[in-house]
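Novice: In order, the protein sequences belong to chains P and E.
Read in this note's numbering, the first sequence has 78 at position 73, and its numbers run on one by one without any break.
Read in this note's numbering, the second sequence has 198 at position 190, and its numbers run on one by one without any break.
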Amino acid sequence: MAELNVDLVSTDRKVWSGTAVSVSAPSVDGQIGILANHSPLLAVLRPGTLTVTAASGPAVTAEVTGGFVSVDDNLVTLVVDEITALR
Amino acid sequence: MAGGSQRVYKQRIKSTQALKKMFRAQELIAASRIGKARARTAAASPYAQAITRAVSAVAAHTTIAHPLTTERTKTHTGRAAVLVISSDRGMAGAYSASVVREGERLIEQLRAEGKEVVLYAAGRRAIAYYSFRGRELTGQWSYGSDAPTSEASEEIADALLEAFLAPADEGGVDELHVVSTQFVNMVTQRTRVVRMLPLEVVEGVTQPGEHEAFPLYDFEPSPEAVLDALLPRYIRSRIFAFLLDAAASELAARQRAMHTATDNAEDLIRTYTRLANQARQADITQEISEIVSGADALASA
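1. Since P/Leu46 meets chain E, which of its residues come closer than 9 angstroms, beta carbon to beta carbon?
2. Tell me which residues of the stretch 237 to 250 of chain E have at least one Cβ-Cβ distance to chain P shorter than 9 angstroms, keeping chain order.
3. Which of the three DSSP states is assigned to E/Ser188 in this structure?
4. Would you list the one or two residues that DSSP bridges to E/Tyr128?
5. Measure the C-alpha to C-alpha separation of E/Asp166 and E/Arg244 and round it to an integer number of angstroms.
6. I'd like to know if P/Ser29 contacts chain E, where contact means its C-beta is closer than 8 angstroms to some C-beta of that chain.
7. Would you verify that the beta carbon of P/Arg51 is, or is not, closer than 8 angstroms to some beta carbon of chain E?
8. Straight-line CA distance for P/Val33 to E/Asp154?
9. Going along chain P in order, which residues have a C-beta closer than 7 angstroms to the C-beta of E/Ser153?
10. If you measure from the beta carbon of E/Ala174 to each beta carbon in chain P, is any gap under 8 angstroms?
11. Assuming contact is defined by CB atoms lying nearer than 8 angstroms, are E/Lys28 and E/Thr270 in contact in what I supplied?
12. Would you be able to state if there are at least three C-beta pairs under 8 angstroms between the stretch 53 to 68 of chain E and the stretch 90 to 101 of chain E?
13. Near E/Leu145, which residues of its chain fall below 8 angstroms by C-beta distance, leaving aside the five closest residues on each side in sequence?
14. I believe P/His81 touches P/Val74 by the beta-carbon criterion, under 8 angstroms. Please report the beta-carbon distance rounded to the nearest angstrom.
15. Please state the DSSP three-state secondary structure of E/Gly98.
16. Could you list which residues in chain P have their beta carbon closer than 9 angstroms to that of E/Arg48, in chain order?
17. So, P/Leu47 versus E/Phe227, is the Cβ gap smaller than 8 angstroms?
18. Could you please give me the residues that DSSP links to P/Ser29 through a beta bridge?
19. Out of E/Thr157, E/Ile247, E/Ser230, state which residue places its alpha-carbon closest to the alpha-carbon of E/His185.
20. At the level of alpha carbons, what is the spacing between P/Gly23 and P/Ala59?
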């Protein structure tokens, strides 16, 4: 099964990077779920909770204040302004 | 007894030694901070890359004219903003001086083109330069230039964006230039002028790889809204990158300047030690000849 390559970056560092099964992000139109082979997407984020279900290991959850997410060819880039510690 | 010149030399040696210690300490501090500054630059680059990729994706898939990417033809104001990024502290050789000089050159050029220059300064050295000469600064930030935070860059970027988007009669500007220093390597730092706004080139526009056609992007909520959210972030990340680059350059310049200063202090100490020895020898010689001539005078009496 195809997997997502996820990069989670904030202004001054790369927060998390790896492969994931699914990503859930707070877009301005509502929480969006991203699975493998999602169509290309560029969405603006609102403050909310971000969840990355990693392919191995525990899921990554964090509060973000805003940013955007881009999906292209199973490459998910989450760009966030401010982010709380990962849980 | 003539010990006057000896005392003067000893004093000079002592004070030069004290200075040398300080130069050495500054050099070591700068050297230890460069690594950190460069690591920060590296840490910030994934964000910048992600933003650049997203901006170029939007640019490649849509044909929307955004206020940040278009020349202000209708609301032309004839004003150009210049942001000069210098350091907070001196002791960095010609670092601040060359940034300010480059800034002056740019201002001169913009004036020759008939534009009114709106000046912004970051770093105490640039602020001091302009306020001493009574030049009006529209914005000034002393933000801890050797370790800039993303909050500081946000503040600067927001002020500049506001000026760019403001209506003509409220002090809006047509363009924004940034004068800063580019960190090439430890020995070379180059001052450079970048026209930041309106945005023109987007580097690394994504080329269609194995796909024959561009993938069709979904924009949420709309291409305009995405661009609205992206471009200010892009500007912020560029400004942050400038500040980080300037910080690394400043530290490298300081390390080099302090290294030279330490060497010079060593040279001075050596010279003064020679002079002091010479003076001591002269004193002794003089004393001996005084004693001998005294004894001669007694013997012949």
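From the three backbone atoms N, C-alpha and C, an ideal C-beta is built for every residue, glycine too.
Please read all numbers here as calculations on a predicted model, not as lab measurements.
Specialist: On the basis of the coordinates in this document:
1. As a first step, residue 46 of chain P is located in the first sequence; it is residue number 41 there, counting from the start. Those within 9 angstroms of P/Leu46 in chain E are Tyr225, Asp226, Phe227, Glu228.
2. For the stretch 237 to 250 of chain E, which is checked against every Cβ of chain P, the residues closer than 9 angstroms are Ala237, Leu238, Arg241, Arg244, Ser245, Phe248.
3. Numbered from its first residue, the second sequence carries residue 188 of chain E at position 180. When secondary structure is reduced to three states using DSSP, E/Ser188 falls in the strand class.
4. Start at 1 with the first residue of the second sequence, and residue 128 of chain E comes out as number 120. Beta-bridge partners assigned by DSSP to E/Tyr128: E/Leu91, E/Gly147.
5. Taking the second sequence and counting its residues from 1, one reaches residue 166 of chain E at position 158. Taking the second sequence and counting its residues from 1, one reaches residue 244 of chain E at position 236. C-alpha separation (whole angstroms): 8 angstroms.
6. If you number the first sequence from 1, residue 29 of chain P lands on position 24. Cβ-Cβ to chain E under 8 angstroms: no for P/Ser29.
7. As a first step, residue 51 of chain P must be located in the first sequence, where it is residue number 46. Taking a beta-carbon distance threshold of 8 angstroms, P/Arg51 does not count as an interface residue toward chain E.
8. Mapped onto the first sequence, residue 33 of chain P falls at position 28. Mapped onto the second sequence, residue 154 of chain E falls at position 146. Between the C-alpha atoms of P/Val33 and E/Asp154 there is a straight-line separation of about 37 angstroms.
9. Walking along the second sequence from the start, residue 153 of chain E turns up at place 145. Those do not exist, as E/Ser153 stays about 16 angstroms from chain P at its closest Cβ, beyond 7 angstroms.
10. For the purposes of this step, residue 174 of chain E is identified with residue 166 of the second sequence, where counting begins at 1. Using beta-carbon distances, E/Ala174 does not count as an interface residue toward chain P, since no partner is under 8 angstroms.
11. The residue labelled residue 28 of chain E in the question sits at position 20 within the second sequence. The residue labelled residue 270 of chain E in the question sits at position 262 within the second sequence. The answer is yes: Cβ separation under 8 angstroms.
12. Taking 8 angstroms as the limit for Cβ pairs, the verdict is that the stretch 53 to 68 of chain E does not touch the stretch 90 to 101 of chain E.
13. Working through the second sequence from its first residue, we reach residue 145 of chain E at position 137. Here the set comprises Leu127, Tyr128, Ala129, Ile135, Tyr138, Ser139.
14. Here residue 81 of chain P refers to the residue found at position 76 of the first sequence. Here residue 74 of chain P refers to the residue found at position 69 of the first sequence. Contrary to the premise, residue 81 of chain P reads as Val rather than His in this sequence. Sure, about 7 angstroms apart at Cβ, within 8 angstroms.
15. By 1-based counting over the second sequence, the position of residue 98 of chain E is 90. Here E/Gly98 sits in coil by DSSP.
16. As a working note, residue 48 of chain E is residue 40 in the second sequence. The contacting residues are Asp17, Arg18.
17. By one-based count along the first sequence, residue 47 of chain P stands at place 42. By one-based count along the second sequence, residue 227 of chain E stands at place 219. Taking 8 angstroms as the cut-off, the Cβ atoms of P/Leu47 and E/Phe227 count as close.
18. The residue you call residue 29 of chain P lines up with position 24 of the first sequence. DSSP lists P/Gly38, P/Thr56 as the beta-bridge partner residues of P/Ser29.
19. Within the second sequence, residue 185 of chain E is the residue found at index 177, counting from 1. Residue E/Ile247 is the option with its Cα nearest to E/His185.
20. What you label residue 23 of chain P is simply residue 18 of the first sequence in a count that begins at 1. What you label residue 59 of chain P is simply residue 54 of the first sequence in a count that begins at 1. Each residue's alpha carbon lies about 7 angstroms from the other.
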